[in-house]
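Residue numbers (this note's numbering), protein chains in the order written: chain A, 286 to 295; chain B, 117 to 328.
Quick notes on the structure that follows.
Encoded structure:
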């Protein structure tokens with residue numbers, strides 16, 4: 286599981 | 117989107133609206149830390165620059181615009197319109213001690229060394245400590261208006277719900293963002309002392325006063 290920045294979160 | 121993130125966003129929205137209405141209706145920002153509100157406006161400004169570059173959903177865009185609008189309106193009320201009611205003598209937290217380390221850390225620990233990503237990381241780290249001036253001010257005045265405690269409760273609850281949202285997304289989507297999670301844990305921990313007082317005092321109809 287690669288960390289990824291949440292683009293859809295406020 | 118999951119129920120935890122949705123209720124988290126609504127809790128955050130409730131907090132922002134409660135504060136704005138409290139200041140607007142009472143025509144007073146007594147007991148409110150202007151410094152924390154400036155930090156929150158900075159958090160939203162640096163986090164939501166992607167409003168200009170990408171469209172994710174109507175919900176996403178609408179909420180971002182509301183958050184930015186309300187936070188700037190709150191800062192405007194505190195420092196311009198209702199400046200006479202601002203309690204500057206008790207709002208003395210040295211915010212430079214927050215901004216400088218957070219700014220440095222955003223450069224060192226981030227997902228991608230690009231301007232938008234650095235600013236997003238800065239906003240995540242800053243948000244986790246942005247409430248400190250407000251909590252510091254309450255410890256100095258020794259009390260908080262009940263409406264202010266409701267504001268703080270929903271504000272603290274929102275990130276706690278986001279923590280559950282991240283557990284949910286890890287389990288169902290294999291997603292996790294260490295930066296947001298660590299900052300979110302720190303942010304929620306800072307509220308624990310307040311949550312204890314809120315539950316044991318305010319929910320029993322008492323006024324929130326310190327020392328407990």
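All C-beta atoms in this analysis are idealised placements derived from N, C-alpha and C, irrespective of residue type, glycine included.
As the structure is a computational prediction, the values presented were derived from the model and not from experiment.
Same chain, Cβ closer than 7 Å to residue i, five either side skipped, listed in chain order
i             : result
residue 130/B : 270
residue 190/B : 135, 136, 139, 153
residue 309/B : none
residue 303/B : 243, 244, 275
residue 147/B : 203, 257, 260, 261, 264
residue 207/B : 149, 150, 151, 249, 253
residue 119/B : none
residue 127/B : 270, 273, 274, 277
Chain A residues whose Cβ lies nearer than 8 Å to that of residue i
i             : result
residue 176/B : 293, 295
residue 280/B : What residue 280/B touches in chain A: nothing, since even the nearest Cβ is about 13 Å away.
residue 133/B : In chain order: nothing, as chain A lies at least about 15 Å away.
residue 236/B : 290
residue 121/B : 294
residue 180/B : 295
residue 125/B : 295
residue 207/B : Residues of chain A passing the Cβ test: none, with the nearest at roughly 27 Å.
Interface partners of residue i on chain A, CB under 9 Å
i             : result
residue 233/B : 290
residue 296/B : 290, 291, 294
residue 172/B : 292, 293
Per-residue DSSP class, three states only, for residue i
i             : result
residue 286/A : Note on residue 286/A: pLDDT 45, under 50, position unreliable in the model; the coordinate value appears next. Coil at residue 286/A, not helix or strand.
residue 144/B : coil
residue 294/A : coil
residue 152/B : helix
residue 248/B : helix
residue 126/B : helix
residue 193/B : helix
residue 319/B : helix
residue 97/B  : Beyond the ends of chain B as shown, which are 117 and 328, falls residue 97/B; an answer cannot be given.
residue 239/B : helix
residue 325/B : strand
residue 176/B : helix
residue 204/B : coil
residue 187/B : helix
residue 169/B : coil
residue 160/B : helix
Enclosing alpha helix (DSSP H) for residue i [first to last residue]
i             : result
residue 298/B : 294 to 316
residue 287/B : 262 to 289
residue 224/B : 212 to 224
Contacting residues, own chain, Cβ-Cβ under 6 Å from residue i (five flanking each side not counted)
i             : result
residue 286/A : Residue placement at residue 286/A cannot be trusted, given a pLDDT of 45 that sits under 50; the coordinates are not used to answer.
residue 123/B : 277
residue 250/B : 149, 152
residue 282/B : 297
residue 163/B : 236, 239
residue 132/B : 186
Residues that residue i contacts on chain A, provided the C-beta gap is smaller than 7 Å
i             : result
residue 197/B : The contacting residues do not exist; residue 197/B stays about 27 Å from chain A at best.
CA-to-CA distance, residue j to residue i, given in whole angstroms
i             : j             : result
residue 329/B : residue 306/B : Not covered by the structure: residue 329/B. The range shown for chain B is 117 to 328.
residue 295/A : residue 125/B : 8 Å
residue 179/B : residue 216/B : 28 Å
residue 261/B : residue 274/B : 20 Å
residue 286/B : residue 228/B : 21 Å
residue 325/B : residue 182/B : 32 Å
residue 232/B : residue 225/B : 14 Å
Nonlocal neighbours in the same chain, by C-beta distance under 8 Å from residue i, ignoring five residues either side
i             : result
residue 279/B : 297, 300, 301, 304
residue 211/B : 151, 154, 155, 249
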